[in-house]
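Residue numbers (numbering that gives the first Met the number 0), protein chains in the order written: chain A, 0 to 337; chain B, 0 to 337; chain C, 0 to 337; chain D, 0 to 337. Below is one structure, written out as structure tokens; the observations come after it.
Protein chains: 4
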Amino acid sequence: MDKVGIIGGTGYTGSELSRLLCTHPDVELAALTSRQNAGKKVSDIHTFLKGYSDIPFTEKISETKDLDMVFVATPHGVAMEEVPRLVEAGIKVIDLSGDYRLHDVKEYSKWYGHEHTDPKNLQDAVYGLPELFREKIKKADIVANPGCYATSVILACAPVMKAGVVDNDITADAKSGTSGAGMVPSPRLHHPFCGESVIPYSVGTHRHTPEIEDAIGMFSGVDADVTMIPQLIPIVRGILSSCYMKLNKEVSDEDISKIYDKQYGKEHFVHYVKEPSIRAVVGSNHAHVSSNVIGSKLVAFGVLDNLVKGASGQAVQCMNLMLGKKETSGIDNPGLGV
Amino acid sequence: MDKVGIIGGTGYTGSELSRLLCTHPDVELAALTSRQNAGKKVSDIHTFLKGYSDIPFTEKISETKDLDMVFVATPHGVAMEEVPRLVEAGIKVIDLSGDYRLHDVKEYSKWYGHEHTDPKNLQDAVYGLPELFREKIKKADIVANPGCYATSVILACAPVMKAGVVDNDITADAKSGTSGAGMVPSPRLHHPFCGESVIPYSVGTHRHTPEIEDAIGMFSGVDADVTMIPQLIPIVRGILSSCYMKLNKEVSDEDISKIYDKQYGKEHFVHYVKEPSIRAVVGSNHAHVSSNVIGSKLVAFGVLDNLVKGASGQAVQCMNLMLGKKETSGIDNPGLGV
Amino acid sequence: MDKVGIIGGTGYTGSELSRLLCTHPDVELAALTSRQNAGKKVSDIHTFLKGYSDIPFTEKISETKDLDMVFVATPHGVAMEEVPRLVEAGIKVIDLSGDYRLHDVKEYSKWYGHEHTDPKNLQDAVYGLPELFREKIKKADIVANPGCYATSVILACAPVMKAGVVDNDITADAKSGTSGAGMVPSPRLHHPFCGESVIPYSVGTHRHTPEIEDAIGMFSGVDADVTMIPQLIPIVRGILSSCYMKLNKEVSDEDISKIYDKQYGKEHFVHYVKEPSIRAVVGSNHAHVSSNVIGSKLVAFGVLDNLVKGASGQAVQCMNLMLGKKETSGIDNPGLGV
Amino acid sequence: MDKVGIIGGTGYTGSELSRLLCTHPDVELAALTSRQNAGKKVSDIHTFLKGYSDIPFTEKISETKDLDMVFVATPHGVAMEEVPRLVEAGIKVIDLSGDYRLHDVKEYSKWYGHEHTDPKNLQDAVYGLPELFREKIKKADIVANPGCYATSVILACAPVMKAGVVDNDITADAKSGTSGAGMVPSPRLHHPFCGESVIPYSVGTHRHTPEIEDAIGMFSGVDADVTMIPQLIPIVRGILSSCYMKLNKEVSDEDISKIYDKQYGKEHFVHYVKEPSIRAVVGSNHAHVSSNVIGSKLVAFGVLDNLVKGASGQAVQCMNLMLGKKETSGIDNPGLGV
């Protein structure tokens, strides 16, 4: 039984990690930090975990704990202060923030607005999307867990990019449930404001954009040019990204389906389907991809639960690979369906 | 054309007042205050008013403005600092906060947690529910505009209380849309928290409770004992209060319907209906009341738009009465229906 | 006082027309048909109209009524059976279905799947988008009221198409509230299915596509190539269409804003804004347009209430023009804001 | 590995049973019926089960299958046609419809509107609420799985009824997500109708009423008099029932909490909490109970996921007991939390 810890256990991704890890058959959630909740039990704050975990929040994780793996679920900019000492202590790390997703320090400072203070580990970090980079993840000491929007767009676009049937230009119209925006109340997430609306934000400037380009580049060799328009919709969990690309040859829906089937046919968590459905994957680590040829365009839909396959579930999937467990261990349940 | 002003024009009730007043045929919205937005135009902040009002927010309302009426749409406790000088200046006042709704200073300090600093006007203020206290409102200089929950419960219960067919005990299970909680973001109104939930709060301690008892007492002579359980539901606008009472004699649904018809049959805004509907009244000053006899109990439903009949629309209705306008002026539109 | 009638008064657009017409100062709603509700009063079915209209539903509209205008709010295919005899009787017609929106009978049969039986009037019908075709509408005897998606996309794209700053290719990712799909229950609109989801449908095959191309062509002379992906989101009213185009020259956000300001600066109902908002226009005939330059792409957002500016409100706006009334008469209220 | 089957696998409770059983470690979902989908694979219809179950729907369950347990998830009235032959064949049965919940044939025909055709098994059926009737369930051959509303009200009220601190009168104001109403589209569940509303229905006449009275009677000996007002709210999953009772002695919140702690302190799935939360239990078999003393009244809240603890999860819990498995087997996960 490997021991794992979470730095940043209060927020939504930390809470979701706790939810998944507390019933995981192969690892033990042994430590969990929170500045504001230090001393309290995890189930005092995340009441839905009552009966599943009784460990206390601590202010810091002490290395003496002998942890095999630590998840960093802090805001951007904080992770890179924590990761170096963990790596030095020989602990494997999965970072759920954006700190280790880009490999170029200049690219990082351009999109995140501050310098990267841990360029060495930035270089070594593996992008944690198992369906595309499984073998690398297995050997990684540091995994940068992909962003929620990014995962949905990459899963939808990477196979056709690699197959060379589309131009390198992607317009991703991404719709997200509100839990993707985190647990801190703000005017944009105030129910009377967003409850009956669709709210575009960070139009063309969202930080998941460069990681999509990077990941597609690594996977397909194509220098993708991505425009992403994130939009909040009044659902709690779920992302549906509609990705528009230009076909560079005449192909049928059937041709395209073969490309996706080849890529995902044997995957446990990613399914190429006729009609994508948020409800089919909500509460699970599963994702849907579907596509339609419309004249000379291709629209590909990527659908997932932003807190599971879009964050903590995918992190557990990576952990399983890194620790030599069964890849589906602890996250092998279907979506809610309804 | 009478001139009216609003103290506290930024919040939801102030914004809703602006919406209603800017198309009112008989009055002119001439002044509007906001500490944070002083200097900006009202349509810079409430963009939906573009083309309807261009007046600027000011920090204070100067009496030299020669206003005929001022609405006070500030938080509880602030209104009683503003009202005395307005009254002295001979300006009629409608207060949308809770400051003037109770007539007893002790009752006030018990429920609001601080002393009332304007006991004289507290005594004079008229409770602004036109369907029950129309004649008094016409002559009032200060009107305390009823709370949103309170209006829904009072409309549903007062007629049967007065008719003497029920005991004096009321249990009001009140469900409100989130706009009733105001524009300041908070954990309870954070979409991921409330978007797929029902959230009881202030259970048995909500401040609208004593004003319901007072109003029913004034109207019916019955010393009502009210328990109210407010609950947030994930809709933006609308309240449905289910009010449970005990019948003190054997009556039929038809007997009860006669009581309500007698009370509301000639009213323009309050309708006794078979099936109450939030959508039928949303966006309007209309309210629905309905009832069912269940054995020895009576359930009465009160339904309205919390920002219109539950707040700013009712305030305009009171203003019309106080200024000698047609009661329905400026608020005479049906609900959205869908 | 002109007299107007509605053929098809039960559905959502018919109901919304009734809502708007019953308080219209310049016309009288004098007749209203419904097969299933013939004999009942309009307020028996649309209870929110109680106190506003008492006219009965009839099975047919008899020409002896001496109506000045008839709205046809029936399903596609039914309107063209009704319109010829109305036109012959000298009654002006606004058709809210898709029957008269395309001018080419072949195009019609291709998209609607059956022959057009009234080709003469098809040719004469004017496309009822006042901001683009005001003068033609004033003189029209038959107006084809635009589709809800179509209005949102056309308003967002036509000005930049005309200005020649973008290529002729439009990808419109359109999100609609559920009321746009009509009042008949179906699996797709079943709350447990759609309440926490985003549902793409008619991907690339939606019937509003050709009318967008037609209208943009008439207005700008550009042969636009439109791909539209409609998606249902769990709100009741409102559309936000994100329209993606390719810039054909280097332009700034400021350059683009000048184009829109020139087009809409003097319009009462269409506003070029920084941040588009569904809540700002809901319940009103107003629309928002906004835009962002993202590298070599332009995204333009079109936002409106699908039942008002997207259907019945726009129809009333057209009626006002056709009958020589003030264009804003009866529909001159701001959106709800919250 | 015991083999289990489902009669009626298409609807929401059947689909939810499939979801839970396909990952159950101790039983195998071996058969599943559906008239309309016979011949298709379960994952063709319930696409979220892809990768979890490949068995085909059949029209009937043949006894030769050697099943150990059959769940009947058909509409009311159909179950009693299926159950007798299953019982005769020696197969244990859990009926999720209302057919076996009442023990008195007259009571049944009064509430369900038709005669009961299987009075013998009606008498033998055990009410499947494990927290109250665990020992009986273990020995039962037929279990009547409780209704969703009923479970929420019984869990909230039974302990205080038994403790004798309240009168026998219960008013239950029950709010349910829409999935509780089943998968068949209807006007009431049409999103534009219910998406921004609260809809009372079956006021005082809902069929879960007598089963609440029965269950509380069996458990506490008190002849409870229950009034229940079901109300649909626009969430997909979840019930919160606010139950109002009259205290018959002066007690504190602490006194009451002791009663609940005594009853539920050792339970795995039912938790007495300070603030009940639908999100804390959604997606799980857990339930929350909380309470507040308000003067001489007690309000007790019962909260659960209507499809899990309110239906299929509870059925699996009963199955575990009946087949001698660990009670929590296959359903031992926390709620989603967010």
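Beta carbons are placed, not taken as given, at the ideal position from N, Cα and C, and that holds for glycine.
Asked, Found
"Sufficient close CB pairs (3 or more, under 8 Å) joining the region 321-333 of chain C to the region 22-39 of chain D", "no"
"Paired residues, beta bridge with D:Pro-240 - DSSP", "According to the sequence shown, residue 240 of chain D is Ser rather than Pro. Per DSSP, D:Ala-173, D:Gly-301."
"Nearest neighbour of B:Arg-100, chosen from B:Phe-192, B:Val-82, B:Gly-8, B:Asp-213 [CA to CA]", "B:Asp-213"
"Residues within the region 4-38 of chain C neighbouring chain D, beta-carbon criterion of under 9 Å", "Tyr-11"
"C-beta atoms of A:Gly-176 and A:Ile-232 nearer than 8 Å", "yes"
"Residues of its chain near D:Ile-86, where Cβ-Cβ distance is below 8 Å and the 5 sequence neighbours each way are ignored", "Ile is not the amino acid found at residue 86 of chain D; the sequence shown has Val there. Contacts found: Val-92, Asn-120, Asp-140, Ile-141."
"Counted within 10 angstroms of its Cβ, other Cβ atoms place A:Arg-84 as buried (16 or more) or exposed", "exposed"
"Neighbouring residues, chain C, relative to B:Gly-309 (Cβ below 7 Å)", "What B:Gly-309 touches in chain C: nothing, since even the nearest Cβ is about 13 Å away."
"Within chain B, the residues that D:Leu-239 reaches when beta carbons sit closer than 9 Å", "Ser-196, Val-197, Ile-198, Pro-199, Gln-230"
"Limits of the alpha helix (DSSP H) - the one that A:Lys-119 falls within", "118-123"
"Given A:Phe-268 as reference, the closest of A:Gly-282, A:Ile-255, A:Ile-258, A:Ser-256 once Cα atoms are compared", "A:Gly-282"
"Validate contact between the region 295-304 of chain B and the region 125-140 of chain B using beta carbons, cut 8 Å, 3 pairs", "no"
"Neighbouring residues, chain A, relative to C:Ser-185 (Cβ below 7 Å)", "Within chain A, no residue comes near C:Ser-185; the closest Cβ sits about 15 Å away, beyond 7 Å."
"Any C-beta of chain D under 8 Å from that of C:Leu-74", "Sequence check: residue 74 of chain C is Pro here, not Leu. Output row for C:Pro-74: interface = no."
"Interfacial residues, the region 204-238 of chain A to chain B, with Cβ spacing under 9 Å", "Leu-231, Pro-233, Ile-234, Val-235, Arg-236"
"Under 8 Å (Cβ pairs) to chain A, residues found in the region 278-292 of chain D", "Arg-278, Ala-279, Val-280, Gly-282, Ser-283, His-285"
"Rounded straight-line distance, which links the Cα of C:His-45 to that of B:Tyr-259", "21 Å"
"Three-state secondary structure (DSSP) of A:Ser-256", "helix"
"Within chain B, partners of A:Cys-193 - CB distance below 8 Å", "His-190"
"The region 177-197 of chain D / the region 153-165 of chain D touching (three or more Cβ pairs under 8 Å)", "no"
"Bridge partner(s) assigned by DSSP for A:Leu-246", "A:Val-165"
"Contact under 8 Å by Cβ, A:Gln-230 with A:Lys-174", "yes"
"D:Val-404, buried or exposed, once every other Cβ within 10 Å from all chains shown has been counted against 16", "No statement about residue 404 of chain D is possible, as the shown extent of chain D runs from 0 to 337 and does not include it."
"Three-way DSSP call (helix, strand, coil) for B:Met-227 in this model", "strand"
"Start-to-end residues for the beta strand (DSSP E) that takes in B:Leu-28", "26-31"
"Closest Cα partner of D:Leu-239 within the set D:Leu-303, D:Arg-206, D:Leu-188", "D:Leu-303"
"Simplified DSSP assignment, three categories, for C:Gly-4", "strand"
"Exposure label - A:Pro-275; buried when at least 16 CB within 10 Å", "buried"
"Neighbour flag for C:Thr-46 against chain D, beta carbons, 8 Å", "no"
"Chain-ordered chain D contacts of B:Phe-300 [CB-CB under 7 Å]", "Pro-199"
"Cβ-based contacts, 9 Å cut-off: residues of the region 163-186 of chain B near chain A", "Gly-176, Thr-177, Ser-178, Gly-179, Ala-180, Gly-181, Met-182, Val-183, Pro-184, Ser-185, Pro-186"
"Residue range of the alpha helix (DSSP H) that includes D:Tyr-107", "104-111"
"Contact with chain C by B:Ser-61, beta-carbon distance below 8 Å", "no"
"Residue from D:Asn-319, D:Gly-10, D:His-270 whose Cα sits closest to the Cα of A:Tyr-51", "D:His-270"
"Own chain partners of D:Cys-317 with C-beta closer than 6 Å, once the 5 adjacent residues on each side are dropped", "Ile-93, Gly-127, Ile-136, Val-142"
"Three-state class that DSSP yields for D:Asp-213 in the structure shown", "helix"
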